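Have a look at the structure below before the remarks.
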Amino acid sequence: MDKDNIYQEYGDFIFKYLLTLTNSLDLAEELTQETFYQAIKSINNFHDNGKAKFSTWLCAIAKNVWLQELTQKNKNQKLNESLKSENTTFYDLEDEYIKNEDKVMFFKKAHQLDENKREILYLRLLGDLSFKEIGSIFERTENWARITFYRAKLELRKGE
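The sequence shown begins at 206 in the numbering used here and counts up by one.
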């Protein structure tokens, strides 16, 4: 077999074969090059004893190159997913730490408010009560609860 003319004679055929496997022009071109590289390296292993055509041998190499590509992509994808998972866990921990620090600062500031403002703040934010319900608890109006809550927020912001 003439090594110099192999690509000219079989290049288009192997490219089309790989294109049907990959459905990607770029990948088919890349794998075609790799196929012929592997074929030239191991051309002495091809024995033309009438049992197999040279094109069949090239197709077998092309298929193996494609399968190796799929295996490598699968490994890379699993590695990327693993790295994303580790990064997500790290950032989740970091975010959780920041949230906890923010909570501690909030409660420190809230603790410095007068009793009514602090209790209204807790009932509204932690108890998820409406201003009407809060007013009812204090035997005051809904508007009083709303204004007191607003003033408590202003005092908390002043301390920032």
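Think of the CB as a built atom: it goes at the ideal place given N, C-alpha and C, for glycine as much as any other residue.
Note that the coordinates shown come from a computational prediction; the quantities given were computed from them, not determined experimentally.
Host alpha helix (DSSP H) of Glu369 (start-end): Because the chain spans 206 through 365 in this model, residue 369 falls outside it and cannot be assessed.
Pairwise C-alpha distance: Glu338 and Gly332: One alpha carbon belongs to Gly332, the other to Glu338, and they sit about 10 Å apart.
Inter-residue spacing [alpha-carbon to alpha-carbon] between Ser341 and Asn348: 11 Å
Ala267 and Leu223 closer than 7 Å at C-beta: Cβ atoms of Ala267 and Leu223: closer than 7 Å.
For Asp319 and Ile352, the rounded distance between their alpha carbons: 14 Å
Test item: CB-CB of Leu226 and Trp271 under 7 Å: yes
Residue span of the alpha helix (DSSP H) that contains Gln213, given as start and end: Ile211 to Thr227
Where Lys258 falls: helix, strand or coil (DSSP): coil
Endpoints, the alpha helix (DSSP H) within which Ser335 is located: No alpha helix (DSSP H) contains Ser335, which DSSP labels as neither H nor E.
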